[in-house]
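Everything on this sheet refers to the single structure shown next.
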Amino acid sequence: MNKNNDLANKKESFEDVNRAENTNKNSNSSVGMHSNPSIKFKKNTDGQSDNKSPFSKKENQKDDKSISRGDLLYADLSPVIGSEQGGVRPVLIVQNDVGNKFSPTTIVAAITSVKNKTNLPTHVKVGDKNCGLPKESVILLEQVRTIDKKRLKDKIGRLPDDLLKKIDEALRISLSLEAK
Numbered sequence: 062m063n064k065n066n067d068l069a070n071k072k073e074s075f076e077d078v079n080r081a082e083n084t085n086k087n088s089n090s091s092v093g094m095h096s097n098p099s100i101k102f103k104k105n106t107d108g109q110s111d112n113k114s115p116f117s118k119k120e121n122q123k124d125d126k127s128i129s130r131g132d133l134l135y136a137d138l139s140p141v142i143g144s145e146q147g148g149v150r151p152v153l154i155v156q157n158d159v160g161n162k163f164s165p166t167t168i169v170a171a172i173t174s175v176k177n178k179t180n181l182p183t184h185v186k187v188g189d190k191n192c193g194l195p196k197e198s199v200i201l202l203e204q205v206r207t208i209d210k211k212r213l214k215d216k217i218g219r220l221p222d223d224l225l226k227k228i229d230e231a232l233r234i235s236l237s238l239e240a241k
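For the sequence shown, the positions run 62 to 241 when my numbering is used.
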């Protein structure tokens, strides 16, 4: 009975949105044809809609986190479920630089300083002197995830090219990608 009420409410809500969109199609409203009627586009100086989504990045807004593939930063990976790596910890940026420049998210691999981790082919050991990490660590390429850049904190350093080649190989293994 509760399920039927929920479905009826969703259907009614959907019909209300469709009705509002159809009404706005024939008017000079500033609401887009296929958009939520409660979301208005801003007017430009001529009083005309500039047709920019209110969700698009503001032109003056800068991405304060300029990051590149191979950079090491601290990130807050909480909350987590199960065996996911969590807390504020070092991460390696593994996303390509085009994605890093234009996306509000990035792809990272978690890093741990736990020395008794099982040595897997998806692990790359990193000495603390190589790149600015506080101690010897292991990059866990089986613990790759997409995060919002707002989770990123201070920059630690950058991996040298020889270690980035090992990262590429470990990612190939982790994702079952064929070698070049």
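Here a beta-carbon is modelled for each residue, glycine too, at the ideal position from N, C-alpha and C.
Given the structure is predicted, the values throughout are model-derived calculations rather than measurements.
Span of the beta strand (DSSP E), counted from its first residue to its last, around residue i
i: Val185; result: His184 to Val187
i: Val152; result: Val149 to Ile154
i: Leu134; result: Asp132 to Asp137
Buried versus exposed, by CB contacts within 10 Å (16 or more), residue i
i: Lys241; result: exposed
i: Ser237; result: exposed
i: Ile228; result: buried
i: Ile142; result: exposed
i: Val187; result: buried
i: Leu138; result: buried
i: Pro151; result: buried
i: Leu185; result: Checking the sequence, you will find Val at residue 185 rather than Leu. That one is buried.
Short Cβ contact (9 angstroms threshold) for residue i with residue j
i: Lys178; j: Leu201; result: yes
i: Leu134; j: Lys214; result: yes
i: Arg212; j: Gly193; result: no
i: Lys216; j: Asp132; result: yes
i: Glu145; j: Arg233; result: no
Unbroken alpha helix (DSSP H) run spanning residue i, endpoints
i: Arg233; result: Asp222 to Leu236
i: Val159; result: Asp158 to Phe163
8 angstroms contact criterion, which residue i and residue j should meet: CB distance rounded
i: Ile208; j: Val169; result: 6 angstroms
i: Thr166; j: Lys210; result: 7 angstroms
i: Ser198; j: Ser174; result: 5 angstroms
i: Ser129; j: Asn161; result: 6 angstroms
i: Gln204; j: Ala171; result: 4 angstroms
Chain B contact for residue i (CB, 9 angstroms cutoff)
i: Ala136; result: The question asks about chain B, but that chain is absent: this structure has only one protein chain.
Any alpha helix (DSSP H) of 4 or more consecutive residues that is wholly inside the region 165–218: 189–192, all fully within the region 165–218.
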